[in-house]
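S.K.: Residue numbering for the sequence shown follows UniProt numbering, beginning at 1 and increasing consecutively.
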Amino acid sequence: MTLAELADADRFVDLGGLLESCEVDGFRADFLSWGHYRPEYWRNYWHSHSFHEVCLAYSGSGRFNNGDTLYDVQPGSVFLARPGDVHEIESSRSEPLGIAFWGFTFRPGSDEPGWWSGLTRADGPVLSNRVGALPALITALAAEAATPVSGYSAVLNALGSTLVLETARAFALDDDLAVEPVRRDRGLLVVEAMQRHLRDNLSRPITVRDVAAVVHLSERHAERLFTQQTGTSLMATLWRLRLELAAQLLLDPALTVTEVARACGYSDVRPFSTAFKRHYGRTPGDHRRSGGTEFV
Numbered sequence: 001m002t003l004a005e006l007a008d009a010d011r012f013v014d015l016g017g018l019l020e021s022c023e024v025d026g027f028r029a030d031f032l033s034w035g036h037y038r039p040e041y042w043r044n045y046w047h048s049h050s051f052h053e054v055c056l057a058y059s060g061s062g063r064f065n066n067g068d069t070l071y072d073v074q075p076g077s078v079f080l081a082r083p084g085d086v087h088e089i090e091s092s093r094s095e096p097l098g099i100a101f102w103g104f105t106f107r108p109g110s111d112e113p114g115w116w117s118g119l120t121r122a123d124g125p126v127l128s129n130r131v132g133a134l135p136a137l138i139t140a141l142a143a144e145a146a147t148p149v150s151g152y153s154a155v156l157n158a159l160g161s162t163l164v165l166e167t168a169r170a171f172a173l174d175d176d177l178a179v180e181p182v183r184r185d186r187g188l189l190v191v192e193a194m195q196r197h198l199r200d201n202l203s204r205p206i207t208v209r210d211v212a213a214v215v216h217l218s219e220r221h222a223e224r225l226f227t228q229q230t231g232t233s234l235m236a237t238l239w240r241l242r243l244e245l246a247a248q249l250l251l252d253p254a255l256t257v258t259e260v261a262r263a264c265g266y267s268d269v270r271p272f273s274t275a276f277k278r279h280y281g282r283t284p285g286d287h288r289r290s291g292g293t294e295f296v
């Protein structure tokens with residue numbers, strides 16, 4: 001997504017009446033204005049708002065005057081007028097300024113610093129080059145507003161929440177955005193994916209090769225990682241999961257033992273019955289007749 005593509009996002013203005021408010025991280029935002037100016041000379045004179053107004057320049061150049069400070073803006077400049085800020089914006093005549101803008105109220109529910117501090121700090125920056133995902137969000141919002149279809153409200157709410165968050169991040173201090181490092185055990189995540197694959201395919205023939213392919217590992221690496229994390233092999237786990245499922249299905253009188261066997265990956269009742277008795281100490285028929293109470 002490039003800034004130049006925002007020139008075609010003029011349907012951004014059609015969000016009025018479609019996206020009026022959203023919840024973001026426990027906070028509420030009410031949207032009051034949506035706008036898109038093509039690169040033609042324009043100027044809006046000194047004024048202020050009771051809400052946050054944010055502009056993203058996508059072409060040309062101009063000036064953003066906020067109080068006593070004058071800022072030069074160009075493609076990639078994000079500039080912010082907080083509630084009460086007296087400001088004006090003027091496009092260059094030789095290189096007309098193109099912008100998308102949005103206005104919203106924001107009521108933080110916490111005095112602690114965080115991503116929202118970019119909006120709430122009265123002495124914070126009002127000009128940023130940290131565009132992040134803003135161009136992609138504006139384009140996606142414009143596209144959704146242009147041709148709303150079923151589900152548009154949920155999509156707009158999700159995009160609107162992200163727009164508010166990304167807007168605040170653009171003006172937040174680095175210290176406000178800092179969090180504790182997120183540590184993830186990738187090995188554990190891979191093993192969870194393998195276990196999920198086993199559970200989802202208990203009725204189908206499964207080999208170590210099949211499971212390894214799901215997580216894009218060699219058979220040897222997948223088997224070793226699985227055993228390290230769980231203490232048992234892939235096939236032993238598959239065998240256990242199938243029999244645990246069988247123990248549940250046998251309590252349904254509408255299913256025959258043959259149907260249960262096939263639902264658990266056994267093509268014949270005899271090996272199923274043998275495996276079930278070896279694991280539980282009773283035949284499938286005994287388990288059904290006792291209602292499974294021998295395991296309570």
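Yeah, the Cβ is synthetic: ideal placement off N, Cα and C, and Gly gets one too.
Classify TYR45 as buried or exposed, calling it buried when 16 or more other Cβ atoms lie within 10 Å of its own Cβ.
M.R.: Locating residue 45 in the sequence shown gives position 45, where the first residue counts as 1. Exposed: under 16 other Cβ atoms inside 10 Å.
S.K.: Specify, as a first and last residue, the run of the beta strand (DSSP E) that ASP25 falls within.
M.R.: Within the sequence shown, residue 25 is the residue found at index 25, counting from 1. No beta strand (DSSP E) holds ASP25; DSSP gives it neither H nor E.
S.K.: Per DSSP, TYR37 forms a beta bridge with which residues?
M.R.: Looking up residue 37 in the sequence shown gives position 37. DSSP, once it has assigned bridges, lists ILE99 as partnering TYR37.
S.K.: Okay, do the region 57-71 and the region 104-119 touch, 3+ Cβ pairs below 8 Å being the bar?
M.R.: No, they do not touch.
S.K.: To which residues does DSSP link SER128 through a beta bridge?
M.R.: Walking along the sequence shown from the start, residue 128 turns up at place 128. Answer is VAL78.
S.K.: Going by C-alpha to C-alpha distance, which of ARG38, THR105, HIS47 sits closest to CYS22?
M.R.: Here residue 22 refers to the residue found at position 22 of the sequence shown. Among ARG38, THR105, HIS47, the Cα nearest to that of CYS22 belongs to THR105.
S.K.: Please confirm whether any heavy atom of the ligand COA lies closer than 7 Å to the CB of GLY132.
M.R.: This structure does not include the ligand COA; it has no bound ligands of any sort.
S.K.: Could you have a look at LEU141 and say whether DSSP puts it in helix, strand or coil?
M.R.: Numbered from its first residue, the sequence shown carries residue 141 at position 141. Looking at LEU141 - three-state DSSP - the assignment turns out to be helix.
S.K.: Reducing DSSP to helix, strand and coil, say where ALA9 ends up.
M.R.: Taking the sequence shown and counting its residues from 1, the one referred to as residue 9 is at position 9. Residue state, collapsed to three classes: coil.
S.K.: Among the candidates LEU141, LEU32, VAL182, whose CA atom is the shortest distance from the CA of ALA133?
M.R.: The residue given as residue 133 occupies position 133 in the sequence shown. Comparing Cα-Cα distances from ALA133 to each of LEU141, LEU32, VAL182, the minimum goes to LEU141.
S.K.: To the nearest angstrom, how far is the alpha carbon of PHE12 from that of THR207?
M.R.: Mapped onto the sequence shown, residue 12 falls at position 12. Mapped onto the sequence shown, residue 207 falls at position 207. Rounded to the nearest angstrom, the two C-alpha atoms are 51 Å apart.
S.K.: Work out the CA separation of GLN195 and ASP14 for me, nearest whole Å.
M.R.: Position 14 of the sequence shown, counting from 1, holds the residue named residue 14. Position 195 of the sequence shown, counting from 1, holds the residue named residue 195. Cα to Cα, the separation comes out at about 46 Å.
S.K.: Cα separation between LEU225 and CYS55?
M.R.: As a first step, residue 225 must be located in the sequence shown, where it is residue number 225. As a first step, residue 55 must be located in the sequence shown, where it is residue number 55. C-alpha separation (whole angstroms): 50 Å.
S.K.: To which residues does DSSP link TYR71 through a beta bridge?
M.R.: Walking along the sequence shown from the start, residue 71 turns up at place 71. Note: TYR71 sits in a beta bridge opposite PHE64.
S.K.: Report the residue from PHE272, GLU219, VAL182 whose alpha carbon sits nearest the alpha carbon of ARG242.
M.R.: Stepping through the sequence shown from its first residue, residue 242 is reached at position 242. Per the Cα distances, PHE272.
S.K.: State the Cα-Cα distance for the pair ARG130 and LEU217, rounded to the nearest angstrom.
M.R.: By 1-based counting over the sequence shown, the position of residue 130 is 130. By 1-based counting over the sequence shown, the position of residue 217 is 217. Answer to the nearest angstrom: the Cα atoms are 38 Å apart.
S.K.: Out of LEU18, ARG38, ASP25, GLY26, which has the shortest C-alpha to C-alpha gap to LEU32?
M.R.: Translated into the one-based positions of the sequence shown, residue 32 becomes position 32. Out of LEU18, ARG38, ASP25, GLY26, LEU18 has the C-alpha closest to the C-alpha of LEU32.
S.K.: Taking the straight line between their C-alpha atoms, what separation do you get for VAL73 and LEU177?
M.R.: Here residue 73 refers to the residue found at position 73 of the sequence shown. Here residue 177 refers to the residue found at position 177 of the sequence shown. Distance between the alpha carbons of VAL73 and LEU177: 25 Å.
S.K.: What are the start and end residues of the beta strand (DSSP E) that includes ARG204?
M.R.: In the sequence shown, counting from the first residue as 1, residue 204 sits at position 204. Neither: ARG204 is in no beta strand (DSSP E) and is coded neither H nor E.
S.K.: Is the Cβ-Cβ distance between LEU80 and HIS49 less than 8 Å?
M.R.: Start at 1 with the first residue of the sequence shown, and residue 80 comes out as number 80. Start at 1 with the first residue of the sequence shown, and residue 49 comes out as number 49. No, the pair does not count as a contact, with Cβ atoms beyond the cut-off.
S.K.: With which residues is residue 299 paired in a DSSP beta bridge?
M.R.: For the chain, the structure presents residues 1 to 296; residue 299 sits outside this window and is missing.
S.K.: Please name the residue or residues paired with ALA172 in a DSSP beta bridge.
M.R.: Here residue 172 corresponds to residue number 172 of the sequence shown, with the count starting at 1. Paired residue(s): none; ALA172 is not in a bridge.
S.K.: Report yes if the C-beta distance between ARG164 and ALA29 is below 8 Å; otherwise report no.
M.R.: Reading the sequence shown from its first residue, position 164 is the one you call residue 164. Reading the sequence shown from its first residue, position 29 is the one you call residue 29. The question names Arg, yet the displayed sequence has Val at residue 164. Closer than 8 Å, so yes.
S.K.: Rounded to a whole number of angstroms, what is the C-alpha to C-alpha distance between TYR280 and VAL211?
M.R.: Here residue 280 refers to the residue found at position 280 of the sequence shown. Here residue 211 refers to the residue found at position 211 of the sequence shown. Rounded to whole angstroms, TYR280 to VAL211 spans 26 Å at the Cα level.
S.K.: In this structure, what does DSSP give as the bridge partners for ARG107?
M.R.: The count along the sequence shown starts at 1 and reaches residue 107 at position 107. ARG28.
S.K.: Which whole-angstrom value is the C-beta distance of ASP85 and GLY67, which I expect to be below 8 Å?
M.R.: Position 85 of the sequence shown, counted from the first residue, corresponds to residue 85. Position 67 of the sequence shown, counted from the first residue, corresponds to residue 67. Going by Cβ atoms, the distance from ASP85 to GLY67 rounds to 7 Å, so yes, they are a contact pair.
S.K.: Hey, quick one: how far does the alpha helix (DSSP H) through LEU119 stretch, first residue to last?
M.R.: Residue 119 sits at position 119 when you count from the first residue of the sequence shown. Note, LEU119: alpha helix (DSSP H), 117-120.
S.K.: Kindly indicate which three-state DSSP category HIS216 falls into: helix, strand or coil?
M.R.: Your numbering for residue 216 matches position 216 in the sequence shown. DSSP places HIS216 in coil when its eight states are reduced to three.
S.K.: Please return the same chain residues whose Cβ sits closer than 7 Å to the Cβ of VAL215, not counting the five positions on each side in sequence.
M.R.: Within the sequence shown, residue 215 is the residue found at index 215, counting from 1. These residues qualify, in order along the chain: VAL190, ALA193, MET194, ALA222.
S.K.: Can you find the residues in the same chain that come closer than 8 Å, C-beta to C-beta, to THR237, ignoring five residues on each side of it along the sequence?
M.R.: Looking up residue 237 in the sequence shown gives position 237. So the qualifying residues of the chain are GLN195, LEU198, PHE226, THR230.
S.K.: Judging by CA-CA distance, which residue of ASP123, GLY103, ALA263 is the nearest neighbour of LEU173?
M.R.: Residue 173 sits at position 173 when you count from the first residue of the sequence shown. Of the listed residues, the one whose Cα sits closest to LEU173 is ASP123.
S.K.: Can you find the residues in the same chain that come closer than 8 Å, C-beta to C-beta, to PHE295, ignoring five residues on each side of it along the sequence?
M.R.: Numbered from 1 along the sequence shown, position 295 holds the residue referred to as residue 295. The predicted position of PHE295 is uncertain, since its pLDDT is 48 and thus under 50; a value taken from the coordinates is nonetheless stated next. Cβ neighbours of PHE295 beyond the five flanking positions: ALA247, TYR280.
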